[in-house]
Amino acid sequence: MSKENKKKTKVPEYPFEWLKFNFSFYSILRMIAHFVLGVTFTFIFVSTVVSAMTLAYPLNWIGYKFLYAKIASFFCALAFIFWCLLIEYNLDIEFSGDILPKHENALLISNHIADTDFILLMNIAARHGMLGNLKYFAKDSLKYFPIVGWGMYITNMIFLKRNWNRDKTSIENTFKYFIENNIPLWMVNFLEGTRMRKSKLEESIAYQQKNKLNVTSNVMCPRVKGFVAMVQGLRDHQVDYIYDITFCFADGRFSIMSVLLGMVNPNHRLLINLKRIPITDLPQDDEGIKKWCYHRFEEKDKLLASYDKKTKSFKGQKTYPLPLRFENWITKPFSEAEKRKKDHLKKD
Numbered sequence: 283m284s285k286e287n288k289k290k291t292k293v294p295e296y297p298f299e300w301l302k303f304n305f306s307f308y309s310i311l312r313m314i315a316h317f318v319l320g321v322t323f324t325f326i327f328v329s330t331v332v333s334a335m336t337l338a339y340p341l342n343w344i345g346y347k348f349l350y351a352k353i354a355s356f357f358c359a360l361a362f363i364f365w366c367l368l369i370e371y372n373l374d375i376e377f378s379g380d381i382l383p384k385h386e387n388a389l390l391i392s393n394h395i396a397d398t399d400f401i402l403l404m405n406i407a408a409r410h411g412m413l414g415n416l417k418y419f420a421k422d423s424l425k426y427f428p429i430v431g432w433g434m435y436i437t438n439m440i441f442l443k444r445n446w447n448r449d450k451t452s453i454e455n456t457f458k459y460f461i462e463n464n465i466p467l468w469m470v471n472f473l474e475g476t477r478m479r480k481s482k483l484e485e486s487i488a489y490q491q492k493n494k495l496n497v498t499s500n501v502m503c504p505r506v507k508g509f510v511a512m513v514q515g516l517r518d519h520q521v522d523y524i525y526d527i528t529f530c531f532a533d534g535r536f537s538i539m540s541v542l543l544g545m546v547n548p549n550h551r552l553l554i555n556l557k558r559i560p561i562t563d564l565p566q567d568d569e570g571i572k573k574w575c576y577h578r579f580e581e582k583d584k585l586l587a588s589y590d591k592k593t594k595s596f597k598g599q600k601t602y603p604l605p606l607r608f609e610n611w612i613t614k615p616f617s618e619a620e621k622r623k624k625d626h627l628k629k630d
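Everything in the sequence shown is counted per the working numbering, starting at 283 for the first residue and increasing by one.
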């Protein structure tokens with residue numbers, strides 16, 4: 283056999299180049315490495331942040347609650363920044379609806395599609411200078427999650443046991459803390475109560491039909507008791523607006539686990555619609571607030587139904603760029619809260 287007929291063998295440029303030729307094996311190794319690094323960094327970083335907040339927590343007991351709120355806000359934002367950067371790396375986000383001002387207190391309601399919704403709200407908060415002031419309603423079981431649960435507790439997240447008599451007291455006590463200490467906040471409530479799944483949607487439709495409510499197929503029926511308590515409890519806490527946020531995963535939903543494994547495709551398209559609604563537009567009575575809430579979710583359902591698969595956008599919605607920038611979340615929210623308090627006192 284002549285040298286010309288001999289097959290040329292490629293010499294690897296580096297010892298592990300052969301992994302590139304076995305895509306599945308290479309992908310598995312890459313996912314494992316991505317996951318281990320992500321979890322390790324998260325554990326070390328979050329542990330450090332929670333430890334720092336724990337050391338500062340006694341300030342609450344000696345009357346320096348506003349100072350502790352500033353410290354907690356700073357460290358919360360540090361913990362959230364990692365996730366903001368990690369999740370946004372592969373996203374192509376299209377914003378539509380209202381343009382939100384920075385450093386404004388607000389009550390947030392959102393549809394709940396995936397566990398990443400929590401992090402996506404962090405990304406929105408980062409763009410508006412409120413990253414360290416996000417407060418969530420969360421399941422009571424999360425309180426017992428190592429490190430994270432304690433961190434949520436000492437930053438005044440609200441844990442719900444799905445028992446209204448107990449939850450009402452917890453909500454009222456936490457809101458009292460916010461009001462008395464003039465703490466800036468974005469108070470988040472996923473009113474559907476759980477992530478959108480086929481079985482849960484079927485239960486929601488059955489509930490709507492039984493109670494003669496308008497049936498929605500793109501969002502689930504909101505649980506309104508907590509929302510009513512949130513509005514009535516914080517209406518006078520210099521909270522003048524409700525932000526109604528609607529997520530649409532144009533290229534399919536993804537989970538926190540898929541983010542940690544590096545499985546989110548580049549330029550994964552996500553639509554976010556923002557509505558800024560004056561709290562004065564809401565009725566004063568509980569029953570009126572419930573009806574308003576049902577109506578908002580009917581509007582969400584219509585918006586999601588208008589999604590155009592060809593253009594991967596909402597029909598009739600003007601979009602605008604909103605790049606990720608970490609606006610002043612250290613001092614500005616608190617100085618704005620003090621300013622709002624003085625303005626409200628003048629009005630009174």
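Note that CB positions come from ideal geometry on N, CA and C, so glycine has one too.
Near M478, which residues of its chain fall below 6 Å by C-beta distance, leaving aside the five closest residues on each side in sequence? The beta carbon of M478 is closer than 6 Å to those of I395 in its chain, skipping five residues each way along the sequence.
Using DSSP with H/G/I as helix, E/B as strand and the rest coil, what is N415? Helix, per DSSP.
Can you tell which of F356, V497, W432 and K623 has its C-alpha closest to the C-alpha of L416? Per the Cα distances, F356.
What are the uninterrupted segments assigned as alpha helix (DSSP H) that are 4 or more residues long and contained completely in the region 350-414, given in chain order? The region 350-414 contains these whole alpha helix (DSSP H) runs: 399-409.
Can you round the beta-carbon distance between H550 and D374 to whole angstroms, since I take them to be within the 8 Å contact cut? Contact annotation, H550 with D374: C-beta distance approximately 7 Å; criterion of less than 8 Å satisfied.
On the CB-based measure, 16 or more other CB atoms within 10 Å of its CB, does N304 come out buried or exposed? Its pLDDT being 45, under 50, N304 is placed unreliably by the model, and the measurement read from it follows with that caveat. Label assigned to N304: exposed.
Which one of N610, Q520 and Y339 has the shortest CA to CA distance from R622? Nearest option by C-alpha distance: Q520.
What residues in its chain sit with their C-beta under 6 Å from that of N464, if we drop five residues either side in the sequence? Non-local beta-carbon contacts of N464 in its own chain, meaning distances under 6 Å to residues more than five positions away in sequence, involve A619 and K623 in chain order.
Under three-state DSSP, which class holds S423? S423: helix per DSSP, three-state reduction.
Proximal residues to G411 (C-beta, below 8 Å), its chain only, five neighbours per side dropped: Closer than 8 Å at the Cβ level, and outside the excluded window around G411, lie K384, H385, E609, N610, W611, K614 and P615.
Which residue wins for smallest C-alpha separation from F531, given the options N471, Y371 and D399? The shortest C-alpha separation from F531 is found at D399.
Could you tell me which of I344, D397 and L442 sits nearest to K425, measuring between CA atoms? K425 has its Cα closest to that of L442, out of I344, D397 and L442.
Best match in I538, K557, D449 and F325 for proximity to M512 [C-alpha to C-alpha]: Of the candidates I538, K557, D449 and F325, the one whose C-alpha sits nearest the C-alpha of M512 is D449.
V321 and L360: beta carbons closer than 8 Å? Cβ atoms of V321 and L360: not closer than 8 Å.
Could you please give me the residues that DSSP links to H550 through a beta bridge? Looking at the DSSP output, H550 shares a beta bridge with L373.
Simplified DSSP state of W343, which is helix, strand or coil: W343: coil per DSSP, three-state reduction.
For V331, the three-state DSSP class (helix, strand or coil): Correct three-state label for V331: helix.
What are the residues that DSSP puts in a beta bridge with I524? Per DSSP, L389 and I559.
C-alpha gap between T456 and N438, whole angstroms: Using only the alpha carbons, I get a separation of about 7 Å.
Could you have a look at F472 and say whether DSSP puts it in helix, strand or coil? Coil.
To the nearest whole angstrom, what separates the beta carbons of N405 and C366, a pair I think is in contact under 8 Å? Yes, N405 and C366 are in contact; Cβ-Cβ is about 5 Å, under 8 Å.
Classify D310 as helix, strand or coil using the three-state DSSP reduction. With the sequence shown as reference, residue 310 is identified as Ile, and Asp is not the correct amino acid for it. In this structure, I310 counts as helix in the three-state DSSP scheme.
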